[in-house]
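Asker: All the letters of the sequence shown, read from the start, carry residue numbers 50 to 426 under this note's numbering.
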Amino acid sequence: VSLKAMLYPVPGQTLPGAHDLQRALYFAQIGGVGYSYGGARRVTPPGDDTAPSGGGWRQSLLALRTAVTRRITAVLPGSTGGVAAALIAGKRGAIDDGVTEAFRNSGLSHLLAIAGLHLGLVGAFVFFAVRGGLALIPPVALRYPIKKIAAAATLVVLFCYLMLSGAAIPTERAFVMNGVVFAAILIDRLRISMRICAVAAAVVLLLQPESLIGVSFQMSFGAVVALIAVYESWGARLGRLLHRGSFGRRALGYAAGVAVTTIVVTLGTDPFSIYHFHKIVLYSPLANIVAVPISALWTLPCGVIACLLMPFGLERLALAPMGWGIDATIWVAEHVSAIPGNVWSTPRLPMAGLASVALGGLWLCLWQGKWRRWGLV
50 VSLKAMLYPV
60 PGQTLPGAHD
70 LQRALYFAQI
80 GGVGYSYGGA
90 RRVTPPGDDT
100 APSGGGWRQS
110 LLALRTAVTR
120 RITAVLPGST
130 GGVAAALIAG
140 KRGAIDDGVT
150 EAFRNSGLSH
160 LLAIAGLHLG
170 LVGAFVFFAV
180 RGGLALIPPV
190 ALRYPIKKIA
200 AAATLVVLFC
210 YLMLSGAAIP
220 TERAFVMNGV
230 VFAAILIDRL
240 RISMRICAVA
250 AAVVLLLQPE
260 SLIGVSFQMS
270 FGAVVALIAV
280 YESWGARLGR
290 LLHRGSFGRR
300 ALGYAAGVAV
310 TTIVVTLGTD
320 PFSIYHFHKI
330 VLYSPLANIV
340 AVPISALWTL
350 PCGVIACLLM
360 PFGLERLALA
370 PMGWGIDATI
380 WVAEHVSAIP
390 GNVWSTPRLP
400 MAGLASVALG
410 GLWLCLWQGK
420 WRRWGLV
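1) Please list the terminal residues of the continuous alpha helix (DSSP H) segment that includes methionine 371.
2) Three or more C-beta pairs closer than 8 Å, one from the region 188 to 206 and one from the region 243 to 253: is that the case here?
3) Check the DSSP bridge columns for leucine 56 and list the partner residues they point to.
4) Please list the segments of the alpha helix (DSSP H) lying wholly inside the region 212 to 239, counting only runs of 4 or more residues, in order along the chain.
5) Based on Cα-Cα distance, which residue from Ala407, Gln257 and Leu290 lies nearest to proline 320?
6) Give me, in chain order, the residues of the same chain whose beta-carbon lies closer than 6 Å to that of alanine 345; leave out the 5 immediate sequence neighbours on both sides.
7) Got a sec? Which residues, its chain only, sit under 7 Å from isoleucine 323 by beta carbon, not counting five neighbours each side?
8) How many Å lie between isoleucine 148 and isoleucine 121 at the Cα?
9) If you draw a straight line from the alpha carbon of glutamine 108 to that of glycine 263, how long is it in whole angstroms?
10) In three-state DSSP terms, what is arginine 90?
11) Near proline 429, which residues of its chain fall below 7 Å by C-beta distance, leaving aside the five closest residues on each side in sequence?
12) Please report the straight-line C-alpha distance between valine 392 and serine 158, rounded to a whole angstrom.
13) Go ahead and label leucine 191 buried or exposed: buried means 16 or more other beta carbons lie within 10 angstroms of its beta carbon, across all protein chains shown.
14) For isoleucine 329, list the residues DSSP reports as bridge partners.
15) Can you tell me whether DSSP reads serine 51 as helix, strand or coil?
16) Under three-state DSSP, which class holds leucine 261?
17) If distances are taken between C-alpha atoms only, which option among Glu259, Thr318 and Pro389 comes closest to isoleucine 218?
18) Going residue by residue through the region 287 to 335, where are the continuous alpha helix (DSSP H) segments of at least 4 residues, counting only ones entirely within it?
19) Would cysteine 414 and alanine 223 be called neighbours here (beta carbons separated by less than 8 Å)?
20) Can you tell me the Cα-Cα spacing of alanine 377 and arginine 180, whole angstroms?
21) Is histidine 68 helix, strand or coil by DSSP?
22) Excluding the five sequence neighbours on either side, which residues of its own chain have a C-beta within less than 7 Å of the C-beta of methionine 371, listed in chain order?
23) Excluding the 5 residues preceding and the 5 following glycine 306 in the sequence, name in chain order all residues of the same chain whose CB lies nearer than 8 Å to its CB.
24) Below 7 Å CB to CB, which residues in the same chain sit around tyrosine 210 once its five sequence neighbours on both sides are set aside?
25) With H, G and I counted as helix, E and B as strand and the rest as coil, what does DSSP make of serine 128?
26) Does isoleucine 137 pass the burial test, meaning 16 or more other C-beta atoms within 10 Å, or should it be called exposed?
27) Terminal residues of the continuous alpha helix (DSSP H) containing glycine 410?
28) Can you list, in chain order, the residues of its chain whose CB lies under 7 Å from that of leucine 358, leaving out five sequence neighbours each side?
29) Grouping DSSP H, G and I as helix and E and B as strand, with all else coil, what is isoleucine 186?
30) In the DSSP assignment, find the alpha helix (DSSP H) that holds proline 350 and state where it starts and stops.
31) What's the call for leucine 166, buried or exposed, on a 16-neighbour Cβ count within 10 Å?
32) Looking only at its own chain, which residues have a Cβ that is under 6 Å from the Cβ of arginine 421, when we skip the five neighbours before and after it?
Laid out in structure tokens, this is it:
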């Protein structure tokens with residue numbers, strides 16, 4: 050394509066300690082920014098064999114993500130389709146700014162970033178669906194290791210989801226951690242531990258070492274390290290307390306478990322949120338108690354089914370129910386974000402303060418002895 054444009058060097062920080070666009074675009078291999086006068090004009094006609102080819106599999110993958118997004122938004126218009134595209138293809142461009150702000154101010158923005166919750170739920174859905182389906186066929190169930198077959202199928206699906214979603218840092222971390230878990234099933238070992246988190250961090254930093262100082266890496270691993278530390282220490286006791294008794298008590302226990310998880314994640318990510326965004330959200334546990342079960346039990350399973358139906362042109366059958374769950378989640382986000390006193394602005398946290406809090410958090414989470422409590426200081 051050809052167009053008339055004005056290009057400038059990448060601008061520096063507008064304020065000391067503000068977002069460093071030069072550093073971000075340097076690692077993105079972008080050397081200039083600007084704007085165009087009018088639209089772009091195609092230089093070579095479509096299908097011209099003499100046109101230079103480029104992009105390879107990355108361009109093909111990008112075209113696939115764009116095609117999937119268009120088919121989703123054709124069924125689900127507006128922000129509903131934008132959220133569905135974000136959950137399936139990692140494309141957030143169709144989400145209204147007001148809806149994005151509501152998700153951010155209600156503590157539900159993690160639902161828009163494909164990470165551990167999404168890959169974990171998709172992996173669990175595929176694993177149990179494949180294993181349950183194979184168990185219904187006695188000749189297969191009695192002769193073959195259907196649990197390992199289901200784990201292998203889940204790994205394939207999760208890798209496809211990683212590629213389709215754009216392979217952001219939280220998605221890479223979640224894929225490595227989930228991948229290690231399902232690979233462990235193949236060799237008859239299973240344990241979710243801090244070592245898996247360390248493996249995921251090592252893989253991400255080997256691929257993108259500059260991500261260490263980015264908000265995505267810090268908040269993603271801050272949340273996961275805090276969760277693993279808490280459930281390694283008190284998971285068994287919480288399980289006995291929350292998941293025993295009648296159906297009603299178990300349902301309340303599930304809601305309480307979501308609330309505990311949200312509080313732990315909030316404590317693990319708030320220092321980074323204060324440093325990067327200068328605010329904290331108080332009522333996120335309330336929003337998550339309602340929205341996370343909707344995503345876990347309805348929205349994401351419908352999304353998986355929609356992807357399976359898409360090659361046959363039948364995605365509408367699953368996208369329409371998926372939209373119901375998304376609409377309910379948007380409603381929760383908008384109403385919780387509107388509660389007075391929900392968002393607290395905070396002063397700027399200096400780099401030394403963030404480093405101190407991160408060091409204390411790691412000391413508290415990684416050690417196993419009583420001296421771990423010194424991290425609270």
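Ideal placement from N, C-alpha and C gives every residue a C-beta, glycine not left out. Computed from a predicted model, the values in this text were never measured in an experiment.
Answerer: Quick look at the numbers:
1) Here the alpha helix (DSSP H) through methionine 371 covers 365 to 386.
2) no
3) Residue pairing from DSSP places leucine 56 in a beta bridge opposite Gly83.
4) 218 to 235
5) Out of Ala407, Gln257 and Leu290, Ala407 has the C-alpha closest to the C-alpha of proline 320.
6) Leu170
7) Ile329, Thr395 and Leu398
8) The question names isoleucine, but residue 148 in the sequence shown is valine. Each residue's alpha carbon lies about 18 Å from the other.
9) 26 Å
10) strand
11) The structure shown does not extend to residue 429, since the chain is modelled only from 50 to 426, so the question has no answer here.
12) 14 Å
13) With fewer than 16 other Cβ atoms within 10 Å, it is exposed.
14) Trp393
15) strand
16) helix
17) Glu259
18) 296 to 326
19) no
20) 31 Å
21) Of the three classes helix, strand and coil, the one that applies to histidine 68 here is coil, per DSSP.
22) Same-chain partners within the cutoff: Ala133, Thr348, Cys351, Gly352 and Ala355.
23) Within the same chain, and ignoring the five residues on either side of glycine 306 in sequence, the residues whose Cβ sits closer than 8 Å to its Cβ are Leu287, Leu291 and His292.
24) Leu168 and Val171
25) helix
26) Isoleucine 137 should be labelled buried.
27) 400 to 415
28) Glu364, Leu366 and Ala367, listed in sequence order.
29) coil
30) 349 to 358
31) buried
32) Leu413
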